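Trainee: Structure below; questions to follow.
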Amino acid sequence: MAKITFVDHTGESRTVDIENGATVMEAAIRNAIPGIEAECGGACACATCHVYVDEAWREKVGPPTPMEEDMLDFGYEVRPNSRLSCQIKVSDELDGLVVATPERQA
Numbered sequence: 001m002a003k004i005t006f007v008d009h010t011g012e013s014r015t016v017d018i019e020n021g022a023t024v025m026e027a028a029i030r031n032a033i034p035g036i037e038a039e040c041g042g043a044c045a046c047a048t049c050h051v052y053v054d055e056a057w058r059e060k061v062g063p064p065t066p067m068e069e070d071m072l073d074f075g076y077e078v079r080p081n082s083r084l085s086c087q088i089k090v091s092d093e094l095d096g097l098v099v100a101t102p103e104r105q106a
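Residue 49 in the UniProt record's numbering is what sits at position 49 of the sequence shown, and the numbering runs on without skipping anything.
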């Protein structure tokens, strides 16, 4: 079980618990986190679960895969720390992860 903190574009944060093996997107959907639409349901076929990984966590989360990078091309205001939350698997190592949602999704 890990705690993930979601920070919206206004700075408001919500921390949720999610079991290991789930994705950050699943944590957002199960907890009605605003700003995560997840239109493709986690298939890495859109960019509507785009998040910004807090700089302190970028190394632990790792870089996007080439397929994820292709989907991020459709994202809104993509940054070097952008990831699709459907591609970030939760583990004990990510307990305390902080991600921010963009002002809008693609």
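The beta carbon of each residue, even a glycine, is placed where N, CA and C say it ideally should be.
Just so we're clear, the structure is a prediction, and the values are computed from it rather than from any experiment.
Label Ser91 either buried or exposed according to how many other C-beta atoms from any shown protein chain fall within 10 Å of its C-beta, with 16 as the threshold for buried.
Mentor: When all chains shown are included, Ser91 counts as exposed.
Trainee: From this set, Met25, Lys60, Arg30, Ile33, which residue's C-alpha is nearest Ala43's C-alpha?
Mentor: Comparing Cα-Cα distances from Ala43 to each of Met25, Lys60, Arg30, Ile33, the minimum goes to Met25.
Trainee: For residue 107, report the span of its beta strand (DSSP E) as first-last.
Mentor: Residue 107 lies beyond the residue range present for the chain, which begins at 1 and ends at 106; the question has no answer from this structure.
Trainee: Kindly give me the distance between the Cβ atoms of Val99 and Ser85, rounded to whole angstroms, as I take these residues to be in contact under 8 Å.
Mentor: Correct: roughly 7 Å between the Cβ atoms.
Trainee: Report yes if the CB atom of Thr101 is closer than 9 Å to the CB atom of Gln87, and no otherwise.
Mentor: Result no, Cβ atoms of Thr101 and Gln87 do not sit closer than 9 Å.
Trainee: Please determine, among His50, Gly75, Leu94, the residue with the shortest C-alpha to C-alpha distance to Ala59.
Mentor: Reading off the sequence shown, one finds Glu at residue 59, where the question assumed Ala. For the residues His50, Gly75, Leu94, the minimum Cα distance to Glu59 belongs to Leu94.
Trainee: Which residue spans inside the segment 14-97 form an unbroken alpha helix (DSSP H) run of at least 4?
Mentor: Whole alpha helix (DSSP H) segments, 4+ residues: 24-30, 58-61, 66-72.
Trainee: What residue from Met71, Glu12, Glu69 has the CA that sits closest to Pro34's CA?
Mentor: Of the candidates Met71, Glu12, Glu69, the one whose C-alpha sits nearest the C-alpha of Pro34 is Glu12.
Trainee: For Pro63, collect the residues of the same chain with a Cβ closer than 7 Å to its Cβ; drop the 5 residues on either side in sequence, then sort them by chain order.
Mentor: Around Pro63: no qualifying Cβ.
Trainee: Please state the DSSP three-state secondary structure of Ala106.
Mentor: Correct three-state label for Ala106: coil.
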